[in-house]
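A short write-up of the structure that comes next.
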Amino acid sequence: MSGFDKIKNLNAPLHSKKIAIGKLTITNKMLGVWCSSRKGADMGQLEKKCIGCGKTFTVSAKNQVYCTVECRENERRKRHAEMYKKRKRQKKVSKVKEKKEVHMGEIATFNDKAKQMGLTYGQYMIFLQAEKDREERAKIS
């Protein structure tokens, strides 16, 4: 027989029973130790509290934390919605910071030019507006 055949010989004596799974062949004596570490073995007695809904349930795996698939999916949806909102807030904050930095950069350049001319920022802005008005009047004439 090949190593991939699953064998269950229930009529054979206890010492000669073999179970083959994949390439692994184990005698019945070792099977007791081997099965106890498998997923779900002897887990029926352990009860946990579901972190989604709060109900107590019997686990089928040591790392199981949700009572049902539906409960797990509901919690996953909540988690993903919260991550989406958080990412959206972070993007908004970063855009505001970026816009603020650009705006502050413009103000700083205007302020530097005003200081070079010996004016305050407000006086310089009035000066720029007056220049703009003169140019418009020159175009009309």
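Heads up, the sequence shown stops at 1026 in the numbering used here, and the numbers go up one at a time, no gaps. The beta carbon of each residue, even a glycine, is placed where N, CA and C say it ideally should be. The structure presented is a predicted model; accordingly, all values stated were derived computationally and were not measured.
1) Mind checking Y951: buried by the 16 CB within 10 Å criterion, or exposed?
2) Using DSSP with H/G/I as helix, E/B as strand and the rest coil, what is A966?
3) How many angstroms separate the CA atom of V918 from the CA atom of K933?
4) Roughly how many angstroms lie between the CA atoms of G879 and K971, to the nearest whole one?
5) For K914, which residues of its own chain have a beta-carbon under 6 angstroms away from its beta-carbon, when the five flanking residues on both sides are left out?
6) Smallest Cα separation from T953: which of K1024, K963, C938, T994?
7) Which class does T941 belong to by DSSP, given the choice of helix, strand or coil?
8) Pull up the CB-CB distance for L1004 and F995, whole angstroms please, since I reckon it's below 8 angstroms.
9) May I ask you to list the residues that DSSP assigns as paired with E932?
10) Taking the straight line between their C-alpha atoms, what separation do you get for A999 and R1022?
11) Could you give the residue range of the alpha helix (DSSP H) that holds Y951?
Answer, in terms of the structure:
1) Position 66 of the sequence shown, counted from the start, is the residue given in the question as residue 951. Classification of Y951: buried, given that the 10 Å Cβ count is 16 or more.
2) One-based indexing of the sequence shown puts residue 966 at position 81. Note: A966 maps to helix in three-state DSSP.
3) As a working mapping, residue 918 is identified with position 33 in the sequence shown. As a working mapping, residue 933 is identified with position 48 in the sequence shown. Reliability of the predicted coordinates at V918 is poor, the pLDDT of 45 falling under 50, and the value obtained from them is presented with this limitation in mind. If you take the alpha carbons of V918 and K933, they lie about 25 angstroms apart.
4) With the chain covering only 886 through 1026, there is no way to say anything about residue 879.
5) Within the sequence shown, numbered from 1, the residue matching residue 914 stands at position 29. Confidence in K914 is poor, its pLDDT being 47 and thus under 50, which makes the residue's placement unreliable; the coordinate value appears in the next sentence. If we look at K914 and ignore the five residues flanking it on each side, it has no Cβ neighbours.
6) As a first step, residue 953 is located in the sequence shown; it is residue number 68 there, counting from the start. Closest in alpha carbon position to T953, among K1024, K963, C938, T994, is C938.
7) Numbered from 1 along the sequence shown, position 56 holds the residue referred to as residue 941. T941 carries a strand assignment under DSSP once its states are collapsed to helix, strand and coil.
8) One-based indexing of the sequence shown puts residue 1004 at position 119. One-based indexing of the sequence shown puts residue 995 at position 110. So it is not a contact: roughly 10 angstroms between Cβ atoms.
9) To locate residue 932, count along the sequence shown from 1; it is residue 47. Looking at the DSSP output, E932 shares a beta bridge with T943.
10) On the sequence shown, position 114 is the one that residue 999 refers to. On the sequence shown, position 137 is the one that residue 1022 refers to. Near 24 angstroms, if we compare the C-alpha coordinates of R1022 and A999.
11) For the purposes of this step, residue 951 is taken as residue 66 along the sequence shown, with counting starting at 1. That residue, Y951, is in no alpha helix (DSSP H); it is neither H nor E in DSSP.
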